[in-house]
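> In the numbering used here, each residue's number is its place in the sequence shown (first place is 1) plus 61. Yeah, the Cβ is synthetic: ideal placement off N, Cα and C, and Gly gets one too. Treat the numbers as computed from the prediction; the structure is a model and nothing was measured.
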Amino acid sequence: MSDSDKVIDFAKAGERHRHSRMHREKEEKVDELRERFAAALPDRKTPVKDYLRKKKARKKT
Numbered sequence: 062m063s064d065s066d067k068v069i070d071f072a073k074a075g076e077r078h079r080h081s082r083m084h085r086e087k088e089e090k091v092d093e094l095r096e097r098f099a100a101a102l103p104d105r106k107t108p109v110k111d112y113l114r115k116k117k118a119r120k121k122t
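(1) Determine the DSSP secondary structure at Pro108, reduced to helix, strand or coil.
(2) Determine the direct distance from the alpha carbon of Lys116 to that of Val68, and round the result to whole angstroms.
(3) Here's a check: name, in chain order, each residue in its chain whose Cβ is nearer than 8 angstroms to the Cβ of Arg105, leaving out the five neighbours to either side.
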């Protein structure tokens, strides 16, 4: 096994780690929102998706 096989590109590894961490944080936020909306609006089918769409539309204008 040569030394070049053991070399790690820290830029690539850092980017991958950052991406996975950000994705995990976003998923946690969405799960938290889902729980809050389920408690507040149990009759709506997709309350989180509706809320995020409204928020995105408001941001664009």
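In short, the structure shows the following:
(1) Looking at Pro108 - three-state DSSP - the assignment turns out to be helix.
(2) C-alpha separation (whole angstroms): 44 angstroms.
(3) Excluding sequence neighbours, Arg105 sits near Phe98, Asp111.
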